[in-house]
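Q:
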Amino acid sequence: MPTDPTTPRRTARDDAYTVDTRRRPKRGDGAIASSHVDARDADVVDTRGRGGSSGIAGGPREPREPRYRWRKGRIILIGLLVLLLAWVGFLVWVPMQAWGSVNKVDNIPDGARPTDTSGYNYLLVGSDSREGLTQAQRKKYATGSAVGSRTDTIMLVHVSESGGKSVMVSLPRDSYVPIPGHGRDKINAAYSIGGPKLLTETVEQATGIHVDGYVEIGLGGFAAVVDSVGGVNLCVPRDMNDKKAGINLKKGCQTLDGGNALGYVRSRYTDPLGDIGRAARQRQFLGALMKKAATPATVLIPWRYKSFADASAAGLAVGTETGIMDAVRVLQAMRSVSNDEGLSLSVPTSDLSYRTSTGALAVKWDTERAKALFTALKNDEPLTAPPPGTTVEGAKNS
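Per full-length UniProt numbering, the very first residue in the sequence shown carries number 1; after that it's consecutive.
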């Protein structure tokens with residue numbers, strides 16, 4: 001049949017689409033739209049095969065993942081982050097708050113001092129002052145009623161900056177050394193005569209080491225610190241029945257409360273090594289205390305963590321130039337020793353029953369070996385094993 005030349009020819013492109021120019025229903029009007037779909041609407045298709053899954057223009061779309069799930073997860077994540085930040089803040093705030101109540105003492109010697117070299121060196125002192133103890137506590141702990149202050153514990157704590165192990169060196173309280181301005185005497189006499197300042201000067205002159213900080217704990221806070229962590233686990237090397245120290249302990253590993261721990265480190269008359277053996281027990285105890293203080297049972301229980309910090313601060317005194325980071329280094333050194341990652345030493349000795357010019361018995365250092373040890377610490381030589389003479393047979397730490 002002939003075609004009218006005035007009629008436009010239809011092409012394949014014209015047959016590809018049928019355009020629906022009617023107003024489409026808005027999103028959300030699905031019920032209304034579905035009610036108006038007729039056969040004519042159904043024929044509006046993309047004949048190229050690229051239409052939607054339904055083949056119907058404006059037909060249903062694939063469902064989207066609900067947004068509330070993502071929002072809920074984000075809220076939970078933010079909540080956990082807030083709790084973590086609050087916990088970290090608590091862990092920092094507690095020691096900072098306790099540090100504010102620590103007593104400050106003047107321990108800086110007058111005059112010339114040894115050169116300050118690499119590494120950190122601290123004087124750790126245990127005072128037997130009865131200040132702060134009630135009459136009932138003095139009776140319970142068998143401390144007696146002596147007046148004044150003496151030192152039951154004197155240790156030099158070295159924290160290396162050259163990669164060596166942390167070192168704790170006991171200086172026996174009966175060590176016979178020169179005391180500036182007072183001739184030669186037992187080293188604990190320096191504390192009795194001139195307090196922390198003269199003791200620091202005596203240690204510096206006897207060792208040639210510059211003391212960077214001073215930390216002292218007294219009997220008044222000792223037992224409370226132990227009780228605040230629920231006792232300390234110690235292996236008692238032998239049966240110890242010492243009425244003067246207020247203890248009757250059996251050999252073996254056990255948990256000691258504050259009173260028994262105090263007696264354990266103070267006892268002098270049940271140890272065949274006397275002052276040397278007691279110094280070893282003191283290092284053993286301090287390491288065990290730091291090990292217990294760092295356990296989750298202490299750190300993760302808020303009231304126990306705060307109790308430990310407050311009890312420690314109550315019985316603590318530090319030098320006027322000793323900061324909280326200095327105290328942290330001392331605590332870390334003690335913990336290293338408890339984990340066998342540090343060295344627990346005693347100054348080398350040559351005579352444990354040295355007779356002084358006044359007839360008293362004292363501890364005499366081995367001059368050459370002691371000098372070698374102190375020179376190594378002064379120069380921050382990286383020690384990895386105990387130098388000769390710094391451990392005593394029978395004074396094994398548990």
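By construction, the Cβ of each residue, glycine as well, lies at the ideal position given by its N, Cα and C atoms.
1. Three-state secondary structure (DSSP) at residue 412?
2. Excluding five sequence neighbours on each side, which residues of the same chain lie with their C-beta closer than 6 Å to the C-beta of Lys104?
3. What separation, rounded to the nearest whole angstrom, lies between the Cα atoms of Pro178 and Pro172?
4. CB-CB under 8 Å to Gly252, same chain, minus the five flanking residues each way: which ones, in chain order?
5. Quick one: what's got a C-beta closer than 7 Å to Ser160's C-beta in the same chain, skipping five residues either side?
6. Return helix, strand or coil for Gly195, following the three-state DSSP convention.
7. Measure the beta-carbon distance from residue 400 to Leu262 and round it to whole angstroms, keeping in mind my assumption that it falls under 8 Å.
8. Which same chain residues, not among the five before or five after Lys306, have their C-beta less than 7 Å away from its C-beta?
9. Nearest to Ser192 by CA position, among Asp152, Asp310 and Val215, is which residue?
10. Pop quiz: Gly208 and Phe374 are said to be a contact at Cβ under 8 Å. What is the actual Cβ separation, rounded to whole angstroms?
11. Taking its Cβ as the centre, do 16 or more other Cβ atoms sit within 10 Å of Tyr269, making it buried, or is it exposed?
12. Only counting the same chain, and skipping five residues up and downstream in sequence, which positions put a Cβ closer than 7 Å to that of Ser353?
13. So, at 8 Å on beta carbons, what are the nonlocal neighbours of Arg27 in its own chain, with the 5 sequence-adjacent residues on each side left out?
14. In the DSSP assignment, find the unbroken alpha helix (DSSP H) run with Leu256 in it and report its ends.
15. For Asp29, which residues of its own chain have a beta-carbon under 8 Å away from its beta-carbon, when the five flanking residues on both sides are left out?
16. Among Asn260, Asp106 and Met168, which residue has its Cα nearest to the Cα of Arg329?
17. How is the alpha helix (DSSP H) around Ile247 delimited, first residue to last?
18. According to DSSP, simplified to helix, strand and coil, what is Leu345?
19. Would a C-beta distance cut-off of 9 Å place Tyr122 and Asp212 closer than the cut-off?
20. From the DSSP output, read off the bridge partner residues of Lys104.
A: From the atom records:
1. Beyond the ends of the chain as shown, which are 1 and 398, falls residue 412; an answer cannot be given.
2. Translated into positions along the sequence shown, residue 104 becomes position 104. Closer than 6 Å at Cβ, skipping near neighbours: Thr320.
3. Here the question's residue 178 lines up with position 178 in the sequence shown. Here the question's residue 172 lines up with position 172 in the sequence shown. The straight-line gap from Cα to Cα measures roughly 14 Å.
4. Counting from 1 along the sequence shown, the entry for residue 252 is found at position 252. So the qualifying residues of the chain are Cys235 and Val236.
5. Looking up residue 160 in the sequence shown gives position 160. Once the five neighbours on either side are set aside, the close Cβ partners of Ser160 are Gly119, Ser166, Asp380 and Pro382.
6. Within the sequence shown, numbered from 1, the residue matching residue 195 stands at position 195. Residue state, collapsed to three classes: helix.
7. Residue numbering for the chain in the displayed model covers 1 to 398; residue 400 lies beyond these limits and cannot be assessed.
8. Indexing the sequence shown from 1 puts residue 306 at position 306. Around Lys306: Val94.
9. Taking the first residue of the sequence shown as 1, we reach residue 192 at position 192. Ranking the options by Cα distance to Ser192, first place goes to Asp152.
10. Within the sequence shown, numbered from 1, the residue matching residue 208 stands at position 208. Within the sequence shown, numbered from 1, the residue matching residue 374 stands at position 374. Right, their Cβ atoms sit about 6 Å apart.
11. Within the sequence shown, numbered from 1, the residue matching residue 269 stands at position 269. The residue in question, Tyr269, is exposed, as its Cβ has fewer than 16 Cβ neighbours within 10 Å.
12. On the sequence shown, position 353 is the one that residue 353 refers to. Leu361, listed in sequence order.
13. Sequence index remark: in the sequence shown, residue 27 carries index 27 (1-based). Residue confidence is low: Arg27 scores 49 on pLDDT, short of 50, so the model does not pin down where it sits. Its coordinate-derived value is still stated next. Contacts found: none.
14. What you label residue 256 is simply residue 256 of the sequence shown in a count that begins at 1. Run containing Leu256: none in the alpha helix (DSSP H); it sits in the beta strand (DSSP E), Gly252 to Leu256.
15. As a first step, residue 29 must be located in the sequence shown, where it is residue number 29. With a pLDDT of only 48 at Asp29, under the threshold of 50, the placement of this residue in the model should not be trusted, and no figure is reported.
16. Translated into the one-based positions of the sequence shown, residue 329 becomes position 329. Of Asn260, Asp106 and Met168, the residue nearest in Cα terms is Met168.
17. Position 247 of the sequence shown, counting from 1, holds the residue named residue 247. Here Ile247 belongs to no alpha helix (DSSP H); instead the beta strand (DSSP E) covers Ile247 to Leu249.
18. One-based indexing of the sequence shown puts residue 345 at position 345. Leu345: strand per DSSP, three-state reduction.
19. Numbered from 1 along the sequence shown, position 122 holds the residue referred to as residue 122. Numbered from 1 along the sequence shown, position 212 holds the residue referred to as residue 212. Contact: yes.
20. Working through the sequence shown from its first residue, we reach residue 104 at position 104. Bridge partners of Lys104: Val318.
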